Structures are given as C-alpha cells and as structure tokens.
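Contents: one structure, followed by commentary.
This is how it looks when you write it as structure tokens:
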C-alpha cells in the first residue's frame with residue numbers, strides 16, 4: 001500500500017474513534033473491523049491493532065493495517081475504497097465552526113481548520 005495513504009487512514013480512524021461521524025462512524029468502524037477479521041482472522045497483530053485502537057495512536061493502527069494491505073491486493077483495494085468513502089463521510093458529518101472574535105488582533109496568517117486529511121504547508125512553493 002502506498003505509504004502516503006497512512007496519514008489519511010490514521011486521520012479517518014482517529015475521527016471515527018473520537019466519535020466525529022456519530023452513528024455513521026460507528027457503522028464504518030464495524031465494516032472495517034469485519035473486513036479485517038474476514039481476511040486476517042489468524043493474524044494476532046492486526047486483530048489486536050483493531051481491538052486496541054481506542055488506546056493506541058491512530059498512526060500505529062493505520063501502519064499495521066496498511067502493512068497487511070501491502071501483502072494482499074484485494075484487501076488493499078477494499079481498504080482504499082473504505083478509506084476514501086469514510087473520509088468523505090467524516091468530513092460531511094463533522095461540522096466545524098472556527099471563529100476569531102472579541103478584541104482579537106491578527107498580525108499574521110491565521111489557519112483555521114477541522115479535520116485535515118493530508119499536509120498543510122504554509123511555506124513558499
């Protein structure tokens with residue numbers, strides 16, 4: 001699996017575990033865990049990764065899952081579809097309101113965001 005997908009997968013896992021997509025997120029997590037268990041039922045490391053996802057960094061869980069995907073093209077494709085679809089779901093179900101108010105004085109750039117899937121670069125190109 002393309003390593004550049006890992007941050008997106010981790011962000012989606014983190015958002016779902018954190019409850020960002022509500023009931024739809026719970027359903028998405030259930031579908032991912034079912035997909036993993038069907039394919040890797042005998043793989044203790046990957047099943048432990050999803051069972052402990054709430055207590056370990058999302059990046060670690062994503063790396064373990066992506067590592068297994070690299071060995072199975074069909075699972076890799078299914079995982080990619082799940083990640084893309086769920087990222088859209090999380091984004092659409094997660095309202096963000098950024099506000100600068102009161103007597104705030106801004107003398108430089110300001111970045112306000114919700115969930116970021118990918119990189120933010122504020123440097124010159």
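In the UniProt record's numbering, the protein residues as written are 1 to 125. Note that the Cβ used here is the ideal one computed from N, Cα and C, for glycine as well. Predicted model only: the values in this text are computed from it and were never measured.
- Within the same chain, and ignoring the five residues on either side of residue 14 in sequence, the residues whose Cβ sits closer than 8 Å to its Cβ are 58.
- In this structure, 12 is the residue among 12, 5, 4 with its C-alpha nearest to the C-alpha of residue 91.
- In the structure shown, the three-state DSSP call for residue 91 is helix.
- Membership of residue 33 in the alpha helix (DSSP H) is indicated by the continuous run 22-40.
- Leaving aside the five residues that flank residue 64 on each side, the residues in its chain whose CB is nearer than 7 Å to its CB run, in chain order, 45, 46, 49.
- For residue 13, the enclosing alpha helix (DSSP H) stretches over residues 6-17.
- Beta-carbon to beta-carbon, residue 35 and residue 83 are separated by about 11 Å, too far to satisfy the 8 Å threshold.
- The beta carbon of residue 61 lies closer than 6 Å to those of 13, 49, 53 in the same chain, with the five residues before and after it left out.
- Secondary structure at residue 109: coil, using DSSP grouped into helix, strand and coil.
- One Cα belongs to residue 30, the other to residue 43, and the distance between them is close to 18 Å.
- Straight-line measurement puts the Cα of residue 51 at about 19 Å from the Cα of residue 23.
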